[in-house]
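Input: a single structure, listed below in structure tokens.
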Amino acid sequence: MQRPLAGLTRRNLVRELVAGVTLIAIAIPLNIGYAQIAGLPATAGLYALIVPTIVYALTVSSRQLVASPDAAAAALVASSIGGLAVAGSDDYATLALAQAILCGLMFLLLAVFKLGFLANFLSKPILVGFVGGLALDILVSQVAKMLGVKIDSGGEFVDKVAGLVTGLGTTNLVSLTISVLSVIVLLGGKRFLPAVPWALVVLVVATVVVVVASLDDAGVSVLGEVPAGPPALTWPVIDWTTWLLLIPSAIALTLVTTAEGLLVSRSYGEKRGYPTSPNRDLFAFGLGNLAAGASGSFAVGSSTSRTAAMDQAGSRTQLPSLVLAVGTLLLLLFGTALLADIPSPAIGAIVGVAILPLLGIRDFIGLWKADRFEFVVGAVCFLVTLFIGSIPGIVVAFVLALVNLAKRAANPAIDVLASSGEPSDSLLDEAPKGQVTAPGVVVVRLAAPLFFANGAVFSDAVKRAVDRADAAGTGPVHHVVVDMEAVTDVDVTGAESFEALLAWLDRKGIDLAFSRVRPDARARLTQLGLLGERAAYETNRAALAALAERPAGHAADGD
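This note's numbering puts the sequence shown at residues -6 to 552.
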């Protein structure tokens, strides 16, 4: 187990501290905005940067991954809790704490039982669609904030769009001006001077302008008073039925964070040449979320954008996260008065620009070009998440993942292998349709496990190979050899299909044998009663040497 703050040395100490200051400038404005997306006070977003960040930074294996609430997590919190309590109420905040605690427990279970592979079912099309749907829903709320239009930010997507459209006549021109200038600065600054923390610049300048010109009197909405002081230890007190209602959304949050967080952690570890441990990362997420639930915050996930920013700043340790925690604590102790006059249009612009990449437009274009079915998977997940809800979206995502998996597994490569007659040649090339591998012998290779999705497909393929060989006049088939080199497992349904194939071959007077059987597959074949007295050869060439031109019933023992 590596030590905390692995990679930190005297040489890179100053660079890591400077990166930490940059992270403060990036994270504080975003977390204020994400807390508003989640329907929580600004302090909930700031509290996430203290105790949860410290706990995560000291326990994670990744040296660079930044943990924090992000836009997708905030939207999930709002959409899942919004139906159980009124946003902004004490009950709502309590549910957010409980949800974070459930996420923490689920992360710990994933780590202890090494179940992180479950998140692999969230393939790229599913993640693109799911996160894209959440991002568009968020964007509508931020556009309304930028225009100074009042809408129900906790409502359904269609209701929010309708509220935005009907409220365009109430647009506050001053708010619109602040928003447009903020977006221009954020996008232009990112393009020409990406090292500058433009979000902080926008926040500071906009706040100064609002205060000096008293723009709040002109209808510009501001953040309002932010309570001073550090986070206090707390615990949500709710009845057990409410805990149960929060489980589906906690599962969704956990799976999305697991899929994205482990991928980003591994990619940066490989890129920068240090080891990572998926189970330890999940354990760190678990402790971080428990800390969030016990310190007045909400669910913590992985921040891809902040991790990328730290990598660009030259950071290779978790020290910037600790600097962020200290800086945020000092702000809460001594600087909350500076936050009260932050204009909401500026916050909306910062969050809106930050989530634009999450819409996945380029990803959808890439999916359309690469694979139309995968594009449809992503699009369906996007639409369900957007118009029905985040929890149905994650359920549909898993169903689509299973359909996609079954679709691909149900059509594995099944080849009749060709033989050139030269003993030194490899016996792996496909034979033309209707050809036998050698006189009287057909060697069939299945390039997949034999299970419920492809058992009948394989059986039909073998029958077609035999019938075509007979029809092509290449001589009667006496033996079928199944090349098992790529067959890692056989399930009960696959075994039943195989037994039906054996009965069909017996009726035609054809023997069946195996070749290149893996040890674990051999044990499985024996357990299912498929191996029996049938020959199993070390190689396909050995099978041909033993079986070619031999009539059925005279197969040599390959063991």
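Glycine included, C-beta positions come from ideal geometry on N, C-alpha and C. These figures come from a predicted structure and were not determined experimentally.
Exposure of residue i, with buried meaning 16 or more beta-carbon neighbours within 10 Å
| i | result |
| --- | --- |
| Asp453 | exposed |
| Gln311 | buried |
| Ser82 | exposed |
| Asp145 | exposed |
| Arg309 | buried |
| Asn533 | buried |
| Ala192 | buried |
| Arg184 | exposed |
| Gly294 | buried |
| Leu226 | exposed |
| Gly181 | exposed |
| Glu218 | exposed |
| Lys153 | buried |
| Leu433 | A small correction: the amino acid at residue 433 is Gly; Leu does not occupy that position in the sequence shown. Answer is buried; the Cβ neighbour count reaches 16. |
| Asn404 | exposed |
| Lys138 | buried |
| Ile30 | buried |
| Val167 | buried |
| Ala330 | exposed |
| Gln57 | buried |
Same chain, Cβ closer than 7 angstroms to residue i, neighbours up to 5 away in sequence not counted
| i | result |
| --- | --- |
| Val485 | none |
| Ala292 | Pro62, Ala66, Val70, Gln92, Ala93, Cys96, Leu246, Asn282, Ala285 |
| Asp274 | Val53, Ser54, Ser55, Gly254, Leu255, Ser258 |
| Gly382 | Ser72 |
| Ser298 | Ala347 |
| Ala243 | Gln92, Leu95, Cys96, Met99 |
| Ala488 | Leu521, Leu523 |
CB-CB length for residue i against residue j, believed under 8 angstroms
| i | j | result |
| --- | --- | --- |
| Ile384 | Pro241 | 5 angstroms |
| Gly353 | Val124 | 7 angstroms |
| Leu169 | Leu140 | 6 angstroms |
| Lys470 | Val455 | What sits at residue 470 in the sequence shown is Val, not Lys. Rounded, the Cβ-Cβ distance is 10 angstroms, inconsistent with contact. |
| Ile177 | Ala390 | Incorrect: roughly 36 angstroms between the Cβ atoms, too far for contact. |
| Leu196 | Pro22 | 5 angstroms |
| Asp482 | Phe444 | 7 angstroms |
| Ala35 | Leu332 | 7 angstroms |
Residues of its chain near residue i, where Cβ-Cβ distance is below 8 angstroms and the 5 sequence neighbours each way are ignored
| i | result |
| --- | --- |
| Arg259 | Thr269, Pro271 |
| Val392 | none |
| Phe150 | Leu129, Asp130, Val133, Leu379, Phe380 |
| Leu326 | Ala221, Gly222, Pro223 |
| Asp418 | Note that Asp418 scores a pLDDT of 49, beneath 50, so its modelled location is shaky; the value from the coordinates is reported in the next line. For Asp418, where only same-chain residues beyond five positions count, the Cβ hits under 8 angstroms are Ser412. |
| Ser314 | Gly13, Leu16, Thr46, Ile47, Tyr49, Ala50, Val59, Ala60 |
| Val189 | Gly182 |
| Leu88 | Ile74, Leu77, Ala78, Pro229, Ile231, Thr235, Leu239 |
Contacts around residue i, its chain only, beta-carbon distance under 6 angstroms, and the 5 residues preceding and following it disregarded
| i | result |
| --- | --- |
| Thr524 | Residue identity differs from the one stated: residue 524 is Leu in this sequence, not Thr. So the list reads Leu518, once near-sequence residues are dropped. |
| Arg509 | Asp476, Met477, Glu478 |
| Val249 | none |
| Tyr38 | The residue you asked about is not Tyr; residue 38 is Gly in the sequence shown. Result list for Gly38: Asn24, Ile25, Tyr27, Ala28, in chain order. |
| Asp334 | Thr200, Val203, Val204, Val215 |
| Val561 | With the chain covering only -6 through 552, there is no way to say anything about residue 561. |
| Leu6 | none |
| Ala549 | With a pLDDT of 49 at Ala549, under the threshold of 50, the modelled position of that residue is not reliable, and no figure is offered here. |
| Ile17 | Leu317, Gly320 |
| Phe507 | Val475, Met477, Ala529 |
| Gly262 | Thr269 |
| Arg4 | none |
| Arg8 | Gly307 |
Simplified DSSP assignment, three categories, for residue i
| i | result |
| --- | --- |
| Gly522 | coil |
| Val555 | Examination of residue 555 is not possible in this model, given that the chain is present from -6 through 552 alone. |
| Ala529 | strand |
| Pro336 | strand |
| Val577 | A question about residue 577 goes unanswered here, because the residues of the chain that appear run from -6 up to 552. |
| Gly502 | coil |
| Ser72 | helix |
| Phe123 | helix |
| Leu395 | helix |
| Arg509 | coil |
| Val59 | strand |
| Leu108 | coil |
| Gly294 | strand |
Closer than 8 angstroms to chain C by CB, residue i
| i | result |
| --- | --- |
| Val316 | No chain C is part of this structure, which consists of one protein chain only. |
Any non-hydrogen atom of the ligand FMN within 7 angstroms of residue i CB
| i | result |
| --- | --- |
| Val370 | Among the components modelled here there is no ligand, and therefore nothing to report on the ligand FMN. |
* To do: Take every Cβ of the stretch 517 to 531, pair it with every Cβ of the stretch 475 to 489, and state whether three or more of those distances are shorter than 8 angstroms.
  => yes
* Asked: Does the pairing of the stretch 274 to 287 with the stretch 78 to 97 give three or more beta-carbon distances under 8 angstroms?
  -> yes
* Asked: Would you say the stretch 231 to 245 touches the stretch 199 to 217, given that touching needs at least three Cβ pairs under 8 angstroms?
  -> no
* Asked: Would the stretch 336 to 346 and the stretch 213 to 224 be scored as touching if the rule is three or more Cβ pairs under 8 angstroms?
  -> yes
* Asked: On the three-pair Cβ rule with 8 angstroms, is the stretch 160 to 168 touching the stretch 116 to 136?
  -> Cβ pair count under 8 angstroms is below three, so no.
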